[in-house]
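Engineer: Here it is, the structure, as structure tokens.
Chains as they are written, first to last, in this note's numbering: chain A, 1 to 346; chain B, 347 to 846.
In structure tokens, the structure reads:
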């Protein structure tokens, strides 16, 4: 009797232990994926694990991550924002136009050349504005987020092309006489040897993680994604929350547009194309659910790292562009399958 | 007695439908005002108006004698009005504490330790040992109901509206809730209480208000009333279901047999324990049980919409336990869900297409639907069941609840079934339409079908069925011919089992 009991108990203990290990493995799957990806490329590409390369990769990651952090808020409410890539493109073009052509105030008959901080501020406003427009379509006219933001994807891209007839704004170095130089420092500058976009990402990620996890606004975002009806009946102003998340996403996309244009010292109207897909992939890799209510900023950050490292690593190893796509797709699908598995176990 | 809140001459119209025809209702400090009526009587609409979720089309709501226009749940909460909704309204992705303080505070920052502590205190008040950090998705339905109540108590409320708070609670949990209601009463909170459990109402209520068809038809002090009085007021004259004079149809062979079926309880549904029952051709079986008794689960298991962990189901002698829904339908087992809106109607399609969908293959040649043959079959079914619709092309949403239900029954009949499972076929339809639906069901049995229908209304069970099965807590408590069944016996069986 006693023996049998002990046996069962130890058996149960083992089963629990195994389940626990499995759950742990699943929980940290994105971190494991990141470690795995870094390890593989370190072996395959000798100069992969150098400081110089790490800094370049971090810069690329910053672009994906900032976009994805904005996207995270939208996805946490159960929405989606397809317009971010186009917003980034348009934002770069607006920045370029402001530096090269200035802001013509026709009523006063003058052309104002805003300083670089003012340019960034105006461009962010453009991003927020498009985000609010998305929010208007979704809240006021009950358009499904997928369609609403698909529409703005085309509109914003078209607007970017229209700004210069599809041409590039080159040489965005500004003019000392106009007091608008220094644009390139945002994307290409270094602080303590670390690229400025990486610093920006650090600040934004920390801020976003705090907002999502520790503020009433963050709580409401999760609530709307968990059950819009429950949120509504609890007195959450659901429409306000939705306006806010699309505005945040728009602002982050615009910032990414500025970073790219600044880094290249040129604004190209096609830049940022299909970035929305990288953003969504990073959020999903980070463990968020596309139906809303589940996911974290830290997860998104790690997801963006996986996307970034995978992309750069495959280029360094010399994998063909076509295989790169296949592998990236495979990683995303695997992540979602594991996520489903975790849901069932958890 | 201090009056906290009052609805005066409140009317509510939705499009062309009037849900409330000028209702007066008062909430008094330290008293439990019970509101009762059948589904669709207008109780929930009235509650939603009191809770500020909807605004009346006409009439006024007064708080402390002042007329108010409330703008949403938050506004109502600020005025001290809390509501526990009938359907659970929690965010499954968040923890218990996060749900209780879903709004956070007025400050921008969350104070998680304090939230956790307050949540624990609230749950302790409800005598529950639920970890505030647990995700709501992992709680049982009963526990979720408790969290919902804790959430309403978290706000300092003066008026608390409870819409069927006990539907998912165990007897012990109900006792705790009643204790808490007692505490609240003593501290001067006015409570509005809605439930379908009549004995419960008389115990907890101070005054009883009965609604029917959007009107208040009777009001009395709880001490002066009885279960019989309430039932009489609820049903009114036309609602009395008389047993048909037609002789009971000849019962035939066993068509559907369920034997020793069990399944564990999960997050959203009740368990079933060793259920055995059968339905014969030409007979009607009533499955009488309260919400959460397992009656829906039993039907869904029989139909294949939920898996049984144990037991077998046979149709006309063939074991169908492992078959898919589509295969069961093909063999002649059909099901009409209680949730017409979510699991029945295709709101985007017309009446005819709604009905024809179950038997498309027989109207089609090489995958192309033959309109003439579809329309012919639909037309015959419409006249057979007496569905009141302008034509088969009318939008299904334009029909009344009762006629929608008939159309759905029609859908289930299209493939020519041998057995029909109807889960609460009278839910959400008015009393007049109810007797028509039952006349239809009787006719179907007379045509030789085996019919099983579930109900939470004893009188329905007694008036329609040849056999009554009482189900409670996932077990069959009683399985008797209708001749041996009385109202009291059925109610006692269901409640005794629920209490055990």
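The beta-carbon is built from N, C-alpha and C at its ideal position, and this holds for glycine as well.
With a cut-off of 7 Å, does the C-beta of residue 7 of chain A fall near any C-beta of chain B?
Structural biologist: Bear in mind that the predicted position of residue 7 of chain A carries a pLDDT of just 37, short of 50, making it unreliable; the figure below should be weighed with that in mind. It does not: the Cβ of residue 7 of chain A has no partner Cβ on chain B nearer than 7 Å.
Engineer: State the beta-bridge partners of residue 681 of chain B as determined by DSSP.
Structural biologist: Note: residue 681 of chain B sits in a beta bridge opposite B:767.
Engineer: With 9 Å as the C-beta to C-beta threshold (strictly closer), list the residues of the stretch 399 to 424 of chain B near chain A in chain order.
Structural biologist: Correct list: 399, 418, 419, 420, 421, 422, 423, 424.
Engineer: Under a three-way DSSP split, which group does residue 48 of chain A fall into?
Structural biologist: Three-state result, residue 48 of chain A: coil.
Engineer: Taking Cβ-Cβ distances shorter than 9 Å, what residues in chain B pair up with residue 225 of chain A?
Structural biologist: Here the neighbours are 437, 439.
Engineer: Could you work out which residue in A:306, A:344, A:343 is closest to residue 39 of chain A when comparing CA atoms only?
Structural biologist: Here the closest residue by C-alpha is A:306.
Engineer: Quick check on residue 185 of chain A: buried or exposed, where buried means 16 or more other Cβ atoms within 10 Å of its Cβ?
Structural biologist: Classification for residue 185 of chain A: exposed.
Engineer: Could you tell me if residue 10 of chain A is buried or exposed, where buried requires 16 or more neighbouring beta carbons within 10 angstroms of its beta carbon?
Structural biologist: Residue confidence for residue 10 of chain A is low, a pLDDT of 39 falling below 50, so the modelled location carries little weight; the figure read from the coordinates is stated next. It counts as exposed.
Engineer: So, with DSSP's three-state summary, where would you put residue 619 of chain B?
Structural biologist: Of the three classes helix, strand and coil, the one that applies to residue 619 of chain B here is strand, per DSSP.
Engineer: Along the alpha helix (DSSP H) that carries residue 389 of chain B, what are the first and last residues, could you check?
Structural biologist: Start and end: 389 to 396.
Engineer: Looking only at C-alpha atoms, which of B:368, B:372, B:668 sits nearest to residue 348 of chain B?
Structural biologist: Ranking the options by Cα distance to residue 348 of chain B, first place goes to B:372.
Engineer: Please give the ranges of any beta strand (DSSP E) in the stretch 45 to 132 of chain A, keeping only runs that are unbroken, at least 3 residues long and fully inside the region.
Structural biologist: Listed in chain order, the complete beta strand (DSSP E) runs (minimum 3 residues) inside the stretch 45 to 132 of chain A are 103 to 105, 110 to 112.
Engineer: Assign residue 605 of chain B to one of three DSSP states: helix, strand, or coil.
Structural biologist: Here residue 605 of chain B sits in strand by DSSP.
Engineer: As an exercise, report each continuous alpha helix (DSSP H) stretch of at least 4 residues that is fully enclosed by the stretch 656 to 727 of chain B, in chain order.
Structural biologist: With a minimum length of 4 residues, the continuous alpha helix (DSSP H) runs that stay inside the stretch 656 to 727 of chain B are 671 to 676, 697 to 702, 706 to 709.
Engineer: Residue 338 of chain A touches chain B at which residues, Cβ-Cβ below 7 Å?
Structural biologist: Correct list: empty, because the minimum Cβ distance to chain B is about 18 Å.
Engineer: Return the chain-ordered list of same chain residues with a C-beta closer than 6 Å to the C-beta of residue 564 of chain B, the five sequence neighbours on each side being excluded.
Structural biologist: Excluding sequence neighbours, residue 564 of chain B sits near 556, 579.
Engineer: For a contact meaning CB atoms closer than 7 Å, what does residue 444 of chain B contact in chain A?
Structural biologist: By Cβ distance, chain A contributes 219.
Engineer: Which one of A:173, A:301, A:255, A:69 has the shortest CA to CA distance from residue 245 of chain A?
Structural biologist: Considering only alpha carbons, the answer is A:69.
Engineer: For the stretch 226 to 253 of chain A, which residues have a CB atom closer than 9 Å to at least one CB atom of chain B, in sequence order?
Structural biologist: If the cut-off is 9 Å between Cβ atoms, the stretch 226 to 253 of chain A has 226, 227, 229, 230, 231, 232, 233, 234, 235, 236, 237 near chain B.
Engineer: Just to confirm my understanding: we take residue 532 of chain B, look at its own chain, exclude 5 residues before and 5 after, and list those with CB closer than 6 Å. What are they?
Structural biologist: Nothing meets the Cβ criterion.
Engineer: Work out the CA separation of residue 127 of chain A and residue 148 of chain A for me, nearest whole Å.
Structural biologist: Whole-angstrom Cα-Cα distance: 15 Å.
Engineer: So with Cβ pairs under 7 Å, would you call residue 140 of chain A a contact of chain B?
Structural biologist: It does not: the Cβ of residue 140 of chain A has no partner Cβ on chain B nearer than 7 Å.
Engineer: Which bits of chain B does residue 293 of chain A rub up against, with CB to CB less than 9 Å?
Structural biologist: Neighbours of residue 293 of chain A on chain B, chain order: 437, 438, 439, 440.
Engineer: Quick check: the Cα distance between residue 705 of chain B and residue 154 of chain A, rounded to an integer number of angstroms?
Structural biologist: One C-alpha to the other measures close to 43 Å.
Engineer: Answer yes or no: does any C-beta atom of chain B fall closer than 7 Å to that of residue 42 of chain A?
Structural biologist: It does not: the Cβ of residue 42 of chain A has no partner Cβ on chain B nearer than 7 Å.
Engineer: Helix, strand or coil: which one does DSSP assign to residue 819 of chain B?
Structural biologist: DSSP places residue 819 of chain B in coil when its eight states are reduced to three.
Engineer: So residue 431 of chain B contacts chain A; which residues on that side make the cut at Cβ distance below 7 Å?
Structural biologist: Correct list: 233.
Engineer: Taking residue 483 of chain B as the reference, which of B:496, B:506, B:679, B:439 has the closest Cα?
Structural biologist: Nearest option by C-alpha distance: B:439.
Engineer: Look up residue 634 of chain B in the DSSP assignment and give the residues it is bridged to.
Structural biologist: B:801, B:816.
Engineer: Take every Cβ of the stretch 745 to 754 of chain B, pair it with every Cβ of the stretch 605 to 612 of chain B, and state whether three or more of those distances are shorter than 8 Å.
Structural biologist: Result no; under three Cβ-Cβ pairs closer than 8 Å.
Engineer: Any C-beta of chain B within less than 7 Å: which residues of the stretch 204 to 215 of chain A qualify?
Structural biologist: Against chain B - using a Cβ distance shorter than 7 Å - the residues of the stretch 204 to 215 of chain A are 214, 215.
Engineer: For residue 279 of chain A, count the other beta carbons within 10 Å of its own beta carbon; 16 or more makes it buried, fewer makes it exposed. Which is it?
Structural biologist: Its Cβ being crowded by 16 or more others within 10 Å, residue 279 of chain A is buried.
Engineer: Using a Cβ-Cβ cutoff of less than 6 Å, which residues in the same chain neighbour residue 276 of chain A once the five nearest sequence positions on both sides are dropped?
Structural biologist: Excluding residues within five positions, the ones whose Cβ falls inside 6 Å are 82, 84, 85.
Engineer: Along the chain, where does the beta strand (DSSP E) containing residue 734 of chain B start, and where does it finish?
Structural biologist: First-last for residue 734 of chain B: undefined, no H or E at that position.
Engineer: Taking 8 Å as the cut-off, does the stretch 372 to 383 of chain B touch the stretch 51 to 71 of chain A (at least 3 CB pairs, one atom from each stretch)?
Structural biologist: At 8 Å Cβ cutoff, the stretches do not touch.
Engineer: For residue 222 of chain A and chain B, any beta-carbon pair shorter than 7 Å?
Structural biologist: So, interface residue.
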